[in-house]
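There are 2 protein chains.
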Amino acid sequence: MNKSMSDTQTLLSVRRRIIGPSVKLAYRQPLHVARASMQYIFDADGRRYIDAYNNVPHVGHGHPRVLEAAVGQMALINTNTRYLHENLQRFAEALIATLPEPLRVCYFVNSGSEANELALRLARAHTGAIDLIVLDAAYHGNTNTMIDISPYKFNGPGGRGQPPWVHVARLPDVYRGEFKSTDPHAGPRYAESVGERIAQLRARDTGLCGYIAESCPSVGGQILLPEGYLAAVYSEVRAAGGVCMADEVQTGYGRLGKYFYGFEQQNVIPDIVVLGKPIGNGYPVAAVVTTPEIAASFDNGMEYFSTFGGNTVSCAVGLAVLEIVKSERLQAHAEAVGEHLLAQLRPLKDRYAIVGDVRGTGLFLGIELVRDRDTLAPAAAEASETTNRLREDGVLIGTDGPYHNVLKIRPPMPFDTDDADALVRSLDKALAALGS
Amino acid sequence: MNKSMSDTQTLLSVRRRIIGPSVKLAYRQPLHVARASMQYIFDADGRRYIDAYNNVPHVGHGHPRVLEAAVGQMALINTNTRYLHENLQRFAEALIATLPEPLRVCYFVNSGSEANELALRLARAHTGAIDLIVLDAAYHGNTNTMIDISPYKFNGPGGRGQPPWVHVARLPDVYRGEFKSTDPHAGPRYAESVGERIAQLRARDTGLCGYIAESCPSVGGQILLPEGYLAAVYSEVRAAGGVCMADEVQTGYGRLGKYFYGFEQQNVIPDIVVLGKPIGNGYPVAAVVTTPEIAASFDNGMEYFSTFGGNTVSCAVGLAVLEIVKSERLQAHAEAVGEHLLAQLRPLKDRYAIVGDVRGTGLFLGIELVRDRDTLAPAAAEASETTNRLREDGVLIGTDGPYHNVLKIRPPMPFDTDDADALVRSLDKALAALGS
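Those sequence lines, one after another, are chains A and B.
Those letters in the first sequence? Residues 1 to 436, by the numbering used here.
Those letters in the second sequence? Residues 1001 to 1436, by the numbering used here.
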């Protein structure tokens, strides 16, 4: 056993003893990381991995301009929103400039969980109602209430089931769901499931607080919503007095290539937009943007204070990330690289029976593995085997979806066509090995 | 109007337009901050303020070793707990070394709110029960469930009242409460209030999830729990099958001078300890430490993942802060400076009728202003006037307590005797001016 292997074994055994066992490691052979640069991670032995999984380092691991912004501000002052400082307003103005009217009021917090928590508080304050419609297989965070609104968790192992105020609408999955991609009306048809939940609430004379969904369900299986889905849903939700919330934690800031935000793909404007993971490039930053009307409803006498949210450093970092996304044209880059990658991934369907579906846009992609193309029996073990083989081959991807059979690709945005080609070569090898 | 004043006005008007109005500013004349160093903040005009309020920059604003740790790790790799990296184990080991057995298993998150959320999830998983006992006037965070368990919020303006699963025990306030500091049995007597809540649950055949309290209630009014209180409470809670949680977000890491954690002052060992604000010195870091048994109960099949919690940078920062607390002997410093400060604050009671109580330990102090020493009618307007005058005089403190009449002093730990003397001089002037 060489030195770094024994270090890794020691780390593992210490970790098992003093870190909560629910905090899991990826891969059957955990990756002992040492450094990273842009779209690459290097392990303790100096081996390079193409990072095709981590969307948090959005503009690239260790991007020098982000580092500079963080360091520069940390050296000056790191303090909270109870004092006036330019950075809060600067970041808020830059963020608002990426969003359509009437999304004009910002709140800053530390994580996607906290941002979704706040979105729900805003919606409840605005409507005076509690009941919420969510998508099946959705995940919105790790706090008590976020577990309560995440079927992926409350229906999963260790889950305590669905709270009475949460109403689960059908996941608009045109591959695995009832209405397929071949159905031009799949969008509105899936939306009917939301209408049914609203009708049930009306029948019980219960008010609707709102509807929340990821603009592209990610743990749900890297799903693109079918055309016309959100327009129909938003219209029904608003007619029932509810607030429409878009969880853009996975999709924001140009990852989808054609769209800066996922809701644009659906031609709707949410009442509340939730941003997380990528917007701080690894520094804990998240945000909620809403309308002046909803913000006014929330201003009911109760102060909202986040100790770290909107502090001078997180805003400096957030602003730098947004500027880099623009100045390095990462959205256009994601579109081009995504097309290049998809063009090579799609033919895998013809070569491997197990590849049931290849989907996504930009650098938000999913490959669904099935044991049978008619029954769509999920090939979860094979998906896990594939990600592990890729890891051994120097490429990091993950699995997700309610059946854990969807290969999940969402790299840092600097991921380029060479990386894409390398990923495809590794994937091709791994899929071929599955068959053998 | 000079340049910086007009900048401040512009900032204010932009802020009013694009930042949620529930996010409040301190002081009638908001402080436009520019930089900070150790226990001092400098405004946009270069004026220096003694920071006697912010406990977040625990080892000092912009401490160079914290900066170095953050920068060094950000340049290497900033990634999550699904990969192995030394920093997670190192920080966890250092943290555990500050805590008694059996507190041996760590979880890392981004904020006190998230840490209290996780503590509640742990307690619920361990007990299978939902119902929780909290202290009156407590504050545990800004998420939906934390508002639900915070009487300071749910009974305050904009609050929606007490949820049925939350049970409020009497705040053991020996100044304002039923049992006074002169009562040697005040501790056990206040604990009876918890016993009564447990008896009510038993009568309804409802299980007890646990009890949570700040080890020194801070928004409750900078209160020190009376002797024997927590020992009696913990014994009753455990006998009823509940989990005992200590929220050390305000009190951790030596602030109390004599004690590294607030629970030590009460001679108890909690089942779950919650840490936040100071432990990252401004970088968003929070932690939950519990027993192997509770951690095992939580390992029920549901993964716990925090995108940023426990990442390589937050652990590097957390470890640096802990090392600085030790190497700079900040606990002993807080004890000495706190005693020096208290010795000067106590005589203010004799000189000003409005000073009803001076309390605290180390650098966690409260001065309660009352209009009448018999009725204890809260002097909230006077407390606000006092903090504003101090701010104008170059000293930053705050107000808190259920009646907003307690002057709150909890400076960065490097705050020294000269700063203490300056604070007392300013306070003396402000209190004298109130009388005139």
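Glycine included, C-beta positions come from ideal geometry on N, C-alpha and C.
Own chain partners of residue i with C-beta closer than 8 Å, once the 5 adjacent residues on each side are dropped
i          : result
Ile-77/A   : His-85 and Thr-312
Gly-398/A  : Ala-26, Tyr-53, Thr-387, Leu-407 and Lys-408
Gly-480/A  : Chain A is shown only over 1 to 436; residue 480/A falls outside these bounds and no answer can be derived.
Lys-1180/B : Val-1174 and Ala-1186
Gln-40/A   : Per the sequence shown, the amino acid found at residue 40/A is Tyr instead of Gln. Excluding residues within five positions, the ones whose Cβ falls inside 8 Å are Arg-48, Tyr-49, Ile-50, Asp-51 and His-61.
Chain-order list of residues whose beta-carbon lies under 6 Å from that of residue i (same chain, five-residue window excluded)
i          : result
Leu-1230/B : Gln-1266 and Val-1268
Cys-315/A  : Asn-87, Leu-88 and Phe-91
Tyr-259/A  : Gln-265
Cys-244/A  : Tyr-211, Tyr-234, Val-237, Pro-270 and Asp-271
Leu-1376/B : Arg-1176 and Val-1370
Ala-1240/B : Ile-1198 and Leu-1208
Asp-357/A  : Tyr-175 and Glu-368
Where residue i meets chain B, residues with beta-carbon distance less than 7 Å
i         : result
Phe-415/A : Going along chain B, no residue has its Cβ under 7 Å from Phe-415/A, so there is no contact; the nearest lies around 16 Å.
Ala-450/A : Absent from the model: residue 450/A. The displayed extent of chain A is 1 to 436, so no value can be given.
Neighbour list for residue i in chain A, Cβ cutoff strictly below 9 Å
i          : result
Leu-1012/B : Leu-84
Thr-1054/B : A quick correction: the sequence has Asn, not Thr, at residue 1054/B. Those are Thr-79 and Asn-80, listed as they occur along chain A.
Asn-1311/B : Val-56, Gly-282 and Pro-284
Thr-1127/B : Near Thr-1127/B there are no residues of chain A at all, since even the closest Cβ is about 13 Å away, more than 9 Å.
Local Cβ density within 10 Å of residue i, reported as buried at 16 or more and exposed below that
i          : result
Gly-72/A   : exposed
Asp-421/A  : exposed
Glu-178/A  : exposed
Glu-101/A  : exposed
Thr-145/A  : buried
Glu-1068/B : exposed
Gln-1029/B : exposed
Ser-1037/B : buried
Arg-48/A   : exposed
Met-1005/B : exposed
Thr-182/A  : exposed
Gly-435/A  : exposed
Lys-1277/B : buried
Glu-368/A  : buried
Asn-55/A   : buried
Identified DSSP bridge partners for residue i
i          : result
Glu-264/A  : Glu-264/A pairs with nothing; no bridge assigned.
Glu-368/A  : Asp-357/A and Val-406/A
Tyr-1283/B : Asn-1281/B
Met-245/A  : Ile-212/A and Ile-272/A
Pro-378/A  : Val-370/A
Leu-1171/B : Leu-1171/B is not bridged to any residue.
Val-1166/B : Leu-1132/B
Asp-1051/B : Leu-1396/B
His-1061/B : Met-1038/B
Phe-108/A  : Ala-287/A
Ile-324/A  : In the DSSP output, where bridge partners are listed per residue, Ile-324/A has none listed.
Beta carbon proximity, residue i to chain E, threshold 8 Å
i       : result
Gln-9/A : Absent from the structure: chain E. Protein chains present are A and B.
Cross-chain neighbours of residue i in chain A, by beta carbon under 8 Å
i          : result
Gln-1089/B : Leu-11, Val-14, Arg-15, Ile-18 and Ile-19
Val-1033/B : Ile-77, Thr-79, Tyr-83, Leu-84, His-85 and Thr-312
Proximal residues to residue i (C-beta, below 7 Å), its chain only, five neighbours per side dropped
i          : result
Ala-1500/B : It is not possible to answer for residue 1500/B, since the shown part of chain B is limited to 1001 through 1436.
Leu-1330/B : Val-1059, Gly-1254 and Met-1413
Thr-1290/B : Leu-1103, Val-1105, Leu-1122, Asp-1271 and Ile-1272
Chain-ordered neighbours of residue i on chain A, where CB pairs are closer than 7 Å
i          : result
Leu-1304/B : According to the sequence displayed, residue 1304/B carries Tyr and not Leu. Residues of chain A passing the Cβ test: Gly-20, Ser-22, Val-23 and Asn-142.
Lys-1153/B : Met-302
Beta-carbon neighbours of residue i, restricted to chain B and to distances below 8 Å
i         : result
Ala-26/A  : Arg-1082 and Tyr-1083
Pro-30/A  : Tyr-1083 and Leu-1084
Ile-157/A : Before going on, a small fix: residue 157/A reads as Pro here, not Ile. Ordered by position in chain B, the residues that pass the 8 Å Cβ test against Pro-157/A are Asn-1300, Gly-1301 and Met-1302.
Thr-145/A : Thr-1143, Asn-1144 and Thr-1145
Gly-62/A  : Met-1074, Ala-1075, Leu-1076, Ile-1077 and Asn-1078
Contact set between residue i and chain B, taken where Cβ atoms lie within less than 9 Å
i        : result
Glu-93/A : Val-1014 and Ile-1018
Leu-67/A : Val-1071, Met-1074 and Ala-1075
- [ ] Could you list the residues in the region 103-124 of chain A with a C-beta less than 7 Å from some C-beta on chain B, going in chain order?
- [x] Cβ contacts with chain B: Arg-104, Val-105, Cys-106, Tyr-107, Asn-110, Ser-111, Gly-112, Ser-113, Glu-114, Glu-117, Leu-120 and Arg-121.
- [ ] Would you list, in chain order, the members of the region 423-434 of chain A that have their beta-carbon closer than 9 Å to a beta-carbon of chain B?
- [x] So the list is empty, because no residue satisfies the distance condition.
TODO: Taking a Cβ distance cut-off of 9 Å, strictly less, list which residues of the region 1343-1377 of chain B are near chain A, in chain order.
DONE: From the region 1343-1377 of chain B, no residue has a Cβ closer than 9 Å to chain A.
Task: Residues of the region 1385-1415 of chain B whose Cβ lies closer than 7 Å to any Cβ of chain A, in chain order - done: Answer in chain order: no residues at all.
- [ ] Pull out every residue of the region 176-206 of chain A whose Cβ sits closer than 9 Å to any Cβ of chain B, in chain order.
- [x] Correct list: empty, as no residue qualifies.
Task: Residues, ordered as in the chain, of the region 223-252 of chain A that lie near chain B by beta-carbon distance below 8 Å - done: In summary, no residue of the region 223-252 of chain A has a CB separated from any CB of chain B by less than 8 Å.
Task: Interface residues of the region 260-274 of chain A facing chain B [CB-CB below 7 Å] - done: Flagged: no residues at all.
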